[in-house]
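These notes are about the structure you will find just below.
In the working numbering, the protein residues as written are 678 to 795.
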């Protein structure tokens, strides 16, 4: 697989949800596909640990939902795996993207939290 450019964007709500967290809508896209994910900013910052989230060792990160299903993030052979489905073993949709795209997303969420605290 070649590292295709993945556009990463995120829009966060200005107010918190009933649990006290700020929801966000994430869009990951190439010229061929787009995946929309809903998650809290706090959960998205957990993706900074993507490089230690080895799916084969059952350390996937459950962060967000897409199409009403949970989203699991992990590493596979130097890329990030995004698995959408019941769990990280029985998923319905799988994508491989560059790890740098996931790290960019985690950084965007972290920056949004910092800016909102000021």
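Here a beta-carbon is modelled for each residue, glycine too, at the ideal position from N, C-alpha and C. These figures come from a predicted structure and were not determined experimentally.
N-terminal and C-terminal residue of the alpha helix (DSSP H) that residue i is part of
i	result
residue 777	776–794
Three-way DSSP call (helix, strand, coil) for residue i in this model
i	result
residue 686	strand
residue 691	coil
residue 715	strand
residue 729	helix
residue 722	helix
residue 766	coil
Chain-order list of residues whose beta-carbon lies under 8 Å from that of residue i (same chain, five-residue window excluded)
i	result
residue 747	739, 741, 761, 762, 763, 764
residue 783	721, 722, 723, 724, 725, 727
residue 684	704, 705, 706, 707
residue 781	685
residue 789	687, 689, 699, 701, 718
residue 710	772
Check whether residue i and residue j have beta carbons under 9 Å apart
i	j	result
residue 786	residue 718	yes
residue 715	residue 730	no
residue 732	residue 758	yes
Span of the beta strand (DSSP E) around residue i
i	result
residue 762	756–762
residue 751	746–753
residue 742	738–743
Same chain, Cβ closer than 7 Å to residue i, five either side skipped, listed in chain order
i	result
residue 779	724, 727, 750, 757
residue 753	732, 773
Min CB distance residue i to chain D below 9 Å
i	result
residue 746	Although the question refers to chain D, the structure presented lacks it and comprises just one protein chain.
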